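Below is one structure, written out as structure tokens; comments come after it.
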Amino acid sequence: GGDTACEEASYLAKLCKKVYMIVRRDELRASQVMQNRVKSTPNIEILWNSETEEVLGDQGVTGVRLKNIQTEESYTIDVTGFFVAIGHQPNTEIFKEYIDMDNAGYIQTIKGSAKTNVEGVFACGDAQDNIYRQAITAAGSGCMAALDAERYLTEKGIH
Numbered sequence: 095g096g097d098t099a100c101e102e103a104s105y106l107a108k109l110c111k112k113v114y115m116i117v118r119r120d121e122l123r124a125s126q127v128m129q130n131r132v133k134s135t136p137n138i139e140i141l142w143n144s145e146t147e148e149v150l151g152d153q154g155v156t157g158v159r160l161k162n163i164q165t166e167e168s169y170t171i172d173v174t175g176f177f178v179a180i181g182h183q184p185n186t187e188i189f190k191e192y193i194d195m196d197n198a199g200y201i202q203t204i205k206g207s208a209k210t211n212v213e214g215v216f217a218c219g220d221a222q223d224n225i226y227r228q229a230i231t232a233a234g235s236g237c238m239a240a241l242d243a244e245r246y247l248t249e250k251g252i253h
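In this text, residue positions in the sequence shown follow the numbering used here: the first is 95, and each later residue adds one.
Below you can see the structure in the form of structure tokens.
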């Protein structure tokens with residue numbers, strides 16, 4: 095029910111006749127803008143308090159068995175595709191005592207660079223990018239970090 099799930103459901107709604115959004119809670123955690131977008135899209139149906147038990151089908155997806163968390167009741171919906179959009183949290187816990195991070199654990203960098211609050215430490219990719227989270231942007235920020243590190247080493251007379 096976060097931003098990632100809402101973004102993916104909105105995208106799929108443009109391609110599919112019907113989109114079921116399986117949400118484990120009774121509310122969405124996404125930003126209000128994303129919640130409004132999903133709730134106002136007529137071909138998105140939110141299945142509240144539900145979790146996936148099994149994806150069904152032998153030669154392809156034919157359905158999904160779900161369980162209502164509150165009632166413990168299992169039920170099946172007929173679908174021809176199943177997409178997982180669970181978001182992610184960066185694996186940066188080890189650095190939290192040393193490097194500034196946001197509440198979600200993304201390493202904070204100085205705007206326009208890969209520099210962190212610790213001199214000589216640079217961050218890039220999924221550890222630092224809480225907006226785009228794409229391979230191509232991770233590669234680009236990796237290049238930025240390498241260039242920033244090279245400049246830093248040159249300034250220190252190490253490179």
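C-beta atoms are modelled at their ideal positions from N, C-alpha and C, and glycine is treated no differently.
Given the structure is predicted, the values throughout are model-derived calculations rather than measurements.
query	result
Take the Cβ of Phe-216 as the centre, count every other Cβ of all protein chains shown within 10 Å, and call the residue buried at 16 or more, exposed below.	buried
For the putative contact between Gly-96 and Arg-119, defined by C-beta atoms under 8 Å, what is the C-beta separation to the nearest angstrom?	10 Å between Cβ atoms; not a contact.
What first and last residue would you give for the beta strand (DSSP E) that runs through Asp-172?	168 to 172
For Met-115, which beta-bridge partners are listed by DSSP?	Ile-140
Whose C-beta lies closer than 6 Å to the C-beta of Ile-193 among residues of the same chain, with five residues either side of it excluded?	Ile-201, Thr-210, Val-212
Suppose contacts are defined by Cβ-Cβ distances below 8 Å. Is Val-113 in contact with Leu-106 by that definition?	yes
Reducing DSSP to helix, strand and coil, say where Glu-244 ends up.	helix
Taking the CB atoms as reference points, tell me whether Ala-198 and Ala-239 lie closer together than 8 Å.	no
Where do the ends of the beta strand (DSSP E) carrying Lys-161 lie?	157 to 162
DSSP beta-bridge partners for Glu-147?	Looking at the DSSP assignment, Glu-147 forms no beta bridge with any residue, so it has no partner.
How big is the Cα-Cα spacing for Tyr-169 and Lys-161?	6 Å
Just verifying my parser: in three-state terms, what is the DSSP assignment at Phe-189?	helix
In whole angstroms, what is the alpha-carbon distance linking Lys-190 and Gln-126?	29 Å
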